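Residue numbers (this note's numbering): 558 to 942.
To start, the structure under review is shown below, and the notes come after it.
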């Protein structure tokens with residue numbers, strides 16, 4: 558039920574109550590006057606005057622009761638938020654601010670049930686119904702599209718919120734060993750014969766998809782054709798000894814087991830590690846992809862739970878300057894224009910900045926690159942020949 562429908566329904570209810578009350582009072586007074594033969598009251602005022610004043614008082618009493626009822630506390634509401642792992646630190650700061658704001662403005666308590674994990678696995682959990690998410694904030698639009706295709710989200714979800722429903726943004730970084738002994742500065746350096754890259758599988762990992770698209774776009778978005786991009790990607794993946802199932806597994810190989818020379822990671826992850834005192838030498842290539850993280854309501858679930866109003870308000874709040882500043886503090890590149898200029902001073906500048914849309918859009922990219930037998934499978938097979 559929309560806010561207007563609720564107000565309309567509430568108003569009609571109280572009008573009906575007032576009308577019923579007035580009728581009962583009028584009937585009672587008529588009955589009493591008939592029995593006692595009262596024709597007038599003090600100062601000679603007529604019975605009609607008395608009745609009018611009495612009914613006015615009764616109406617005001619009912620109206621005051623209605624106002625008091627409307628301002629009373631509403632039942633608590635719970636939102637189920639499903640997101641990818643690296644957003645947890647930002648949400649920890651943002652959610653209490655939203656809860657306080659909603660309580661102040663609506664006199665209603667909002668609680669959050671939250672789930673964090675790999676973006677692809679989180680999308681699968683929502684699709685299977687093991688997590689009935691009201692709001693999803695995932696690593697890439699491709700995962701939201703999968704939920705839409707399962708019938709849980711209405712088509713054209715990307716136009717429901719600001720900025721194409723992209724609420725947080727990052728870029729790809731190349732993490733090196735201390736001192737950068739291999740002299741890695743650009744994507745092209747990853748194709749050197751003596752470089753070992755630790756990478757995850759794009760079939761199972763969100764960062765791996767962004768990584769492959771960054772490599773491909775570094776060629777096609779700077780004047781090269783697809784044949785050159787295919788050759789370059791094949792050379793890079795020759796330097797990948799094994800594909801891990803997830804970004805976390807790749808990080809464990811690189812940091813915990815000391816394997817490889819370089820690792821691709823989100824800029825915000827590297828930034829957060831530095832805040833925790835875990836220094837990670839890294840390079841931000843000047844040709845880079847906008848790693849866009851979408852947010853949307855899960856239409857089927859918010860209708861079932863009756864949480865659409867609060868869910869949409871929470872998404873709106875994520876775009877506020879207050880929330881975007883919290884994203885920026887944790888290394889995300891904000892999307893709110895009022896925060897972008899201030900936050901951009903601390904980030905390395907990107908000379909050539911491209912998006913998934915520049916590469917053809919997600920429907921095209923999924924079919925072209927990541928389906929069985931697609932370009933990635935050809936690249937991986939050729940790299941091991």
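Backbone N, C-alpha and C fix where the C-beta goes; we use that ideal spot for every residue, glycine too.
Model, not experiment: these values are computed from the prediction.
- In this structure, DSSP gives residue 836 a state outside helix and strand, which the three-state scheme calls coil.
- For the pair residue 752 and residue 739, the CB atoms are nearer than the 8 Å cut-off.
- Taking all protein chains shown into account, residue 677 has 16 or more neighbouring C-beta atoms within 10 Å of its C-beta and is therefore buried.
- In this structure, the straight-line span from the alpha carbon of residue 883 to that of residue 939 is close to 44 Å.
- Under the DSSP definition of a beta bridge, residue 820 partners with 732 and 755.
- Straight across, the Cα-Cα distance linking residue 908 with residue 696 is about 23 Å.
- Residue 871 and residue 915 have their C-alpha atoms roughly 30 Å apart.
- Assigned with DSSP and collapsed to three states, residue 851 falls in strand.
- About 7 Å separates the CB atoms of residue 683 and residue 855; that is less than 8 Å, so the two are in contact.
- Between the C-alpha atoms of residue 757 and residue 663 there is a straight-line separation of about 45 Å.
- Residue burial annotation: residue 878 is exposed, with fewer than 16 other C-beta atoms found within 10 angstroms of its C-beta.
- Of the residues 666, 755, 726 and 714, the one whose Cα lies closest to the Cα of residue 818 is 755.
- Counting only residues of its own chain and dropping the five nearest sequence neighbours on each side, residue 881 has a CB closer than 6 Å to the CB of 891, 893 and 896.
- For residue 935, the uninterrupted alpha helix (DSSP H) run begins and ends at 932-940, by DSSP.
- With 16 or more other Cβ atoms inside 10 Å of its own Cβ, residue 824 counts as buried.
- Distance from the CA atom of residue 681 to the CA atom of residue 761, rounded to whole angstroms, is 11 Å.
- By the beta-carbon neighbour count (other beta carbons within 10 angstroms, threshold 16), residue 727 is buried.
- Just measuring C-alpha positions, the residue of 701, 885, 778 and 926 sitting nearest residue 902 is 885.
- Taking a contact to require three or more Cβ pairs closer than 8 Å, the region 846-855 and the region 763-783 qualify as touching.
- Within the same chain, and ignoring the five residues on either side of residue 927 in sequence, the residues whose Cβ sits closer than 6 Å to its Cβ are 759 and 933.
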